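Q: Okay, here's the structure, questions in a sec.
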Amino acid sequence: MEKIRTLRGFRDIFGEELDKFRRIESVFRKYSGLLGFREIELPVLEKTELFVRSIGDTTDIVEKEMFTFTDVGGDSLTMRPEATAGMVRSYLQEGLYATERMTKVSSIGPMFRHERPQKGRYREFHQIDVEVFGVKEALVDAELIFMIRMILDELGVGRYRIEVNSVGCKTCRESFRRVLIDYFETRKDQLCEDCLRRLERNPLRIFDCKNEQCIDVTGDSPLLFDSLCGECRDHFRLFEGYLSDFGIGVEINKRLVRGLDYYTKTVFEVTSEDLGAQKAFIAGGRYDNLVEEMGGPATAGIGFAIGVERLAMLVPVSAEKGDRRCFFACVGDRARAHLVSFLKACVSAGITLKHAYDAKSLKAQMRYADNLKCDFVLILGDDEIDRGIITLRNMADKSQRELPLDPKKVAQELVVVA
RNA sequence: GUGGGUGUAGCUCAACGGUUAGAGCAUCAGGCUGUGGUCCUGGGGGUUGAGGGUUCGAGACCCUUCACCCACCCCA
């Protein structure tokens, strides 16, 4: 029989990695709470149309990377490939635009993209997502960067870069698009195949190419950043000003572009060289038209997503030692009969009491206790029972002492020493 | 979807085309009746990813296929 294993790109997450996930989540919740975000859980499955409309039907995500299938009722459904679409849907569906002047929400959960897996990229991956609706002021842009910095610092992430840029609004982007196309049209012969495709579909993306020739060509091409409209330029200047008020240094990368269609003005990316080729582990930006495009009132929006798997690769293993453990070793059936009462007493007292389920020699139980890194072992055999006591061994210094054979009193004692 | 790399014990890896495929770690059991880590002895555990081919003989060579890893496209 062939062993059943996980689907390609899907994984079991456990042990050290899961510990890091939990730590990341808890540090995130600390700062998102301090900055006034509330958490929300959204469905993993949504109508396909939601993603097509929000992400853009010519993006790679929508064109070839979604887990999409047809429901028995005939609806086309999709496992969410990113969080913002669902966040916007929820914001509109729950009518939050009418009940609060602005909304700060966050969410944590799995996302799905049907891509070829590689380092730091899986078909099921996890994102921490943050969105702010209804604030057009650049202060919030800087506040999000501040939040990211606080989280990364507390997690002990060492080397990372925060890059920011502005991709402008509809008007400055439209006019620039023509300028860019004109520029590249005359240099078509120097572009790689992929970039020729990009030129047709989304010329801005040529800036993302890793091909050396293409990088050369973009080297002296006009930049969107330099032809922003007055409003977008002002917004970016204010953003920079607030960042310096927060005391955060960032790099302005005028070539930074985003893969999703809905971004406007501020975009940013946090990268690390310790990640392999997929070096961005946090990315986000402003999307001032998205809510309206999704059928809501004109509402500014901005958000970012943290790739949890990628961030976990950068988080140092926490040195904090788990709680001290105790083991119950018994010799013979008479002693074994006491196990349950000790278990009950210890759990009630908040103590972890490990034990072997099958009857083994004392030696084997000691080995097992050692293996489990237990700090204390309770030893109970005929000797102890006859004398009305139980032996408590300290595994570290091998000292032993006797306690009365009374589960509650022993549990109390363990609370003190363990 | 494309390119490259790798598939041998639970894990990390050996084995020039030539006996019965090994080692370390892990696991289990012993080393005078009830005491762990180090040490000694032993046990269990494999269709060498799968299928075909070449050969007197294949873990190794060839073909096919599958899986994983890395990279491209793209993205967190």
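Letter by letter, the first sequence follows residues 1391 to 1808 in our numbering. By construction, the Cβ of each residue, glycine as well, lies at the ideal position given by its N, Cα and C atoms. Every value quoted in this text rests on a predicted model; they were computed, and no experiment measured them.
1) Tell me the rounded alpha-carbon separation between P1687 and T1489.
2) Determine the contact status of I1672 and I1538, defining contact as a CB-CB distance below 8 Å.
3) Considering only their Cβ atoms, is the gap separating K1655 from D1635 smaller than 8 Å?
4) Figure out for me which residue from I1541, Q1668 and A1735 has the closest Cα to the Cα of D1796.
5) Counting only the same chain and skipping the five closest in sequence on each side, list residues whose C-beta sits under 7 Å from that of T1449.
6) Over the uninterrupted alpha helix (DSSP H) stretch that includes K1798, give me the two end residues.
7) Our contact map puts F1871 next to L1729 with C-beta atoms below 8 Å; I'd like the distance itself, whole angstroms only.
8) With Q1790 as the anchor, note down where its beta strand (DSSP E) starts and where it stops.
9) Taking contact to mean at least 3 C-beta pairs separated by less than 8 Å, is the segment 1454-1473 in contact with the segment 1528-1542?
10) Suppose contacts are defined by Cβ-Cβ distances below 8 Å. Is S1444 in contact with L1680 by that definition?
11) Could you work out which residue in V1767, H1516, E1553 and E1590 is closest to L1701 when comparing CA atoms only?
12) Measuring CB to CB, does V1698 end up less than 8 Å from F1411?
13) Which runs of the alpha helix (DSSP H) fall wholly inside the segment 1393-1441 and span at least 4 residues, in chain order?
14) Put R1783 into one of helix, strand or coil per three-state DSSP.
15) Relative to the C-alpha of A1727, which candidate in H1745, R1715 and S1738 has its C-alpha closest?
16) Let me know the secondary structure DSSP gives V1660 once reduced to three states.
17) Would you call the segment 1622-1637 and the segment 1599-1610 touching, i.e. three or more CB-CB distances under 8 Å?
A: Per the coordinate set shown:
1) 13 Å
2) yes
3) no
4) A1735
5) G1649, L1650 and D1651
6) P1797 to V1807
7) What is shown of the chain runs 1391 to 1808, which leaves residue 1871 out entirely.
8) Q1790 to P1794
9) no
10) yes
11) H1516
12) yes
13) 1405-1424
14) strand
15) H1745
16) strand
17) no
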